[in-house]
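Taking it in order: structure first as structure tokens, then the write-up.
2 protein chains.
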Amino acid sequence: MAPRGETKERILQAALESFGTVGYDGTSLDDLAAGLGIRKQTILYHFVAKRNLLNAVVDHNTVYLTEALEQVLSSKASDADRIEALVRSVFRVALEQPLLLGLLREVSRPGSPAAPRLRNMMVPLMDRAVAWMEAEMAAGRMRRTDAQLVLLSAYSTVVGLATEIEILRAAGIERALRPVALRRRELLRFLRASLIPAK
Amino acid sequence: MAPRGETKERILQAALESFGTVGYDGTSLDDLAAGLGIRKQTILYHFVAKRNLLNAVVDHNTVYLTEALEQVLSSKASDADRIEALVRSVFRVALEQPLLLGLLREVSRPGSPAAPRLRNMMVPLMDRAVAWMEAEMAAGRMRRTDAQLVLLSAYSTVVGLATEIEILRAAGIERALRPVALRRRELLRFLRASLIPAK
DNA sequence: AGCAAGACTTACCAATTGGTAGAGAAATGG
DNA sequence: CCATTTCTCTACCAATTGGTAAGTCTTGCT
Numbered sequence: 002m003a004p005r006g007e008t009k010e011r012i013l014q015a016a017l018e019s020f021g022t023v024g025y026d027g028t029s030l031d032d033l034a035a036g037l038g039i040r041k042q043t044i045l046y047h048f049v050a051k052r053n054l055l056n057a058v059v060d061h062n063t064v065y066l067t068e069a070l071e072q073v074l075s076s077k078a079s080d081a082d083r084i085e086a087l088v089r090s091v092f093r094v095a096l097e098q099p100l101l102l103g104l105l106r107e108v109s110r111p112g113s114p115a116a117p118r119l120r121n122m123m124v125p126l127m128d129r130a131v132a133w134m135e136a137e138m139a140a141g142r143m144r145r146t147d148a149q150l151v152l153l154s155a156y157s158t159v160v161g162l163a164t165e166i167e168i169l170r171a172a173g174i175e176r177a178l179r180p181v182a183l184r185r186r187e188l189l190r191f192l193r194a195s196l197i198p199a200k
Numbered sequence: 002m003a004p005r006g007e008t009k010e011r012i013l014q015a016a017l018e019s020f021g022t023v024g025y026d027g028t029s030l031d032d033l034a035a036g037l038g039i040r041k042q043t044i045l046y047h048f049v050a051k052r053n054l055l056n057a058v059v060d061h062n063t064v065y066l067t068e069a070l071e072q073v074l075s076s077k078a079s080d081a082d083r084i085e086a087l088v089r090s091v092f093r094v095a096l097e098q099p100l101l102l103g104l105l106r107e108v109s110r111p112g113s114p115a116a117p118r119l120r121n122m123m124v125p126l127m128d129r130a131v132a133w134m135e136a137e138m139a140a141g142r143m144r145r146t147d148a149q150l151v152l153l154s155a156y157s158t159v160v161g162l163a164t165e166i167e168i169l170r171a172a173g174i175e176r177a178l179r180p181v182a183l184r185r186r187e188l189l190r191f192l193r194a195s196l197i198p199a200k
């Protein structure tokens, strides 16, 4: 018998992996259980229903992301450098929890059972980030653009880069496989060039 | 009985819609047929297997996209304005075939049965676009950045914006629902600001 | 020791899935 | 007018799915 709540934790981890790669529909409780050397009913015992498992995985993993972003946004640090802190923060989370991005992609699909869950997590965060960017623009410290467009673009880019690795690899894009740190540096340079006024 | 190949065409259209919204696994042949007032076996008669149907949908719909992009890239038009032509072209396709973007998102997921098909379509296109951008940069007509990163970012942005409408709407982002033309104008302005040297 | 709660299992099920086999109906070409 | 091809149907199936019911084993508390 598994000590303490270890089994539940292992199920959450395996579910994250499976949902993020083959998707919600593509994940069968039988396979999931088999991969853990467990019976399917053990999963249902802990989470009652498959949909609940997805919600639990989302809740359990988006905490890293929201906490990291919250911290950056609420810091009183230097203004222009906060872009850098924002990007670094996102990349750090992506490095520590690479499977999270696959999950985000899966879960943000229209019609996903956990879409409402994700919305409740993301919307306030997005609102705060937009408010911050607009304040920066109003103060002339940032080039005037559509904040929501830029943020959604950045979000889609990170998720896309991490998630379409298979296609990138087939394209012979060795660069896609370079250490994340290098890509981060280039993304930073690009964002600085686009957002920070020439002088 | 349906005249000529009309039924086949209708199946392709309905399949595009279904694959693009609820995904491949989320699409059942029975439901698909029911929506068309047809029996499932009619679908299987025309496409033999579900996987073949997906491939056919991909082939049938990416033609618009590849042709439009091919045309822009091979045109000898003014250099800097080709960014604009590129964006306009993508948006035009997105307007005429709004479901295509949902399909692209679904199909570019790692593990999708049609992923190889998509790769073969996209890779040469991407190579040409990258080559063009790098030539522009070498000639000093475009700010120096990672061409692949920018292109993938733009791709992810368009797909993301079109595909995460549900979440955007819940976020109370009325702007997301504004006419596509407006968003296009803002994206254009952003790209110009980031890519074209100050002077 | 005894007992209750938690953890995991076996046994089973109704529903749905993609797919096969073969029979008719409609159009087409001679 | 007949024969062939194209198209759609009914009937059926094996496999997989998420989920229920009820049992067994372990652990911890008194």
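Protein chains in written order, with the numbering used here: chain A, 2 to 200; chain B, 2 to 200. All C-beta atoms in this analysis are idealised placements derived from N, C-alpha and C, irrespective of residue type, glycine included. Note that the structure is a prediction, hence the values are computed from the model and not measured.
With fewer than 16 other CB atoms across the displayed protein chains lying within 10 angstroms of its CB, G38/B is exposed. Under the DSSP assignment, E135/B falls in the alpha helix (DSSP H) whose first and last residues are 116-139. In this structure, D26/A and G24/B form a Cβ contact; the two beta carbons are roughly 7 angstroms apart against a cut-off of 8 angstroms. Between the beta-carbon of A115/A and that of L55/A there is about 5 angstroms, and that keeps the pair under the 8 angstroms contact cut.
Taking a Cβ-Cβ cut-off of 7 angstroms, the neighbours of E165/A in chain B comprise S109, given in sequence order. Under the rule that a run must span 3 or more residues, no beta strand (DSSP E) segment is found entirely inside the region 52-104 of chain B.
Taking all protein chains in view, the Cβ of N62/B is crowded by 16 or more other Cβ atoms within 10 Å, so the residue is classified as buried.
Three or more Cβ pairs closer than 8 angstroms define a contact, and the region 132-139 of chain A falls short of that threshold against the region 97-107 of chain A. According to the DSSP assignment, T22/B belongs to the alpha helix (DSSP H) that extends over 7-23. For V159/A, the uninterrupted alpha helix (DSSP H) segment begins and ends at 148-164. Non-local C-beta neighbours of L196/B in its own chain, meaning closer than 7 angstroms and more than five positions away in sequence, comprise I84, M143, R144, ordered along the chain. Note that the region 149-168 of chain A touches the region 150-158 of chain B; at least 3 beta-carbon pairs, one per stretch, sit closer than 8 angstroms.
For the pair A148/A and V131/A, the CB atoms are nearer than the 8 angstroms cut-off.
Taking the beta carbon of E18/B as reference, no residue of chain A falls within 7 angstroms; the closest one sits roughly 12 angstroms away. Of all alpha-carbon atoms in D32/A, L153/A, E107/A, E68/A, the one lying nearest the alpha-carbon of M122/A is that of E68/A. Proximity of D60/B to chain A, defined by a Cβ-Cβ separation below 8 angstroms, is not satisfied.
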